[in-house]
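Novice:
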Amino acid sequence: RAVGVAAFGAYGTAAALAVILSITATLGMMQLLVRDLAQQPARATSLIGAANLAKAGSSLLMLAALLLLAGWVLGYPRDTVAAAMLLGLAYAVGAFAENIGAYFQSIERMGVWMQAQAAFGLVTGSLGIALVLATRSIVWFCAAPVVGQLAAHGWLALRAPPGVRGAWRATWPEVRRLLRSLVPFAA
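Start counting the sequence shown at 1367; every next residue gets the next number (our numbering).
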């Protein structure tokens, strides 16, 4: 009610497009990463580094596709495009949070992952309500999930060992191997 029917419809459109393209950012990798980390815990830094590099590329691809589709192909209004981009950015941040979450799941500390998800929900919900009531803008409302995902990622990074939290080093063969192992799931 606070934003009106037209703005709520624009939000629905932006959210639908962003969630469809979010698959590109996450690559459906979490379960595979949990399995690999559980089987090879000594390689956690390398595996998470490979996942981070793969998701950096896939997230950039997703955001570019989102901008191209929403802004040029579908010709959505500026606020709808901005809302879709913010929601896409939230999915991109969430993709990296998943990588650290996979580590905690692989060592059977699912509680840390659940705490991060609770932080995401609490921050997103409370900030989203505050922003929509203060601004009546779907664009500002869509900034809330970005902050929520950053809170979840921050919580996970705070609890993770240094090698996991700052894992960005991986060999390209490791990244390719990880991406190749996703192919059967993409079909």
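We treat Cβ as the ideally placed atom computed from N, Cα and C, and that holds for glycine.
Please read these numbers as outputs of a predicted model, since none were measured by experiment.
Whose CA, out of 1393, 1400 and 1399, lies closest to the CA of residue 1426?
Specialist: For residue 1426, the nearest C-alpha among the options comes from 1393.
Novice: Compute the distance between the beta-carbons of residue 1485 and residue 1521, then report whether it is under 8 Å.
Specialist: Contact: yes.
Novice: By Cβ distance, which residues of its chain are closer than 7 Å to residue 1512, with the 5 residues on each side in sequence left out?
Specialist: Same-chain partners within the cutoff: 1452, 1455, 1456 and 1459.
Novice: If you check the beta carbons only, do residue 1514 and residue 1537 fall under 8 Å apart?
Specialist: Contact flag unset, no.
Novice: Residues in its own chain within less than 7 Å of residue 1471 by CB, not counting five upstream and five downstream?
Specialist: Taken in chain order, the residues that qualify are 1400 and 1479.
Novice: Give the C-beta separation of residue 1432 and residue 1450 to the nearest angstrom, bearing in mind that I take them to be a contact with Cβ-Cβ under 8 Å.
Specialist: The Cβ separation is near 6 Å, so the contact holds.
Novice: Please list, in chain order, all residues of the same chain as residue 1529 whose beta carbon is under 7 Å from its beta carbon, the five residues on each side excluded.
Specialist: Result list for residue 1529: 1410 and 1411, in chain order.
Novice: Using only the alpha-carbon positions, how far apart do residue 1473 and residue 1461 sit?
Specialist: Whole-angstrom Cα-Cα distance: 19 Å.
Novice: For a test of the three-state rule: what should DSSP assign to residue 1412, helix, strand or coil?
Specialist: Residue state, collapsed to three classes: helix.
Novice: So which of 1440, 1477 and 1447 has the shortest CA-CA distance to residue 1377?
Specialist: Cα-wise, what sits closest to residue 1377 is 1447.
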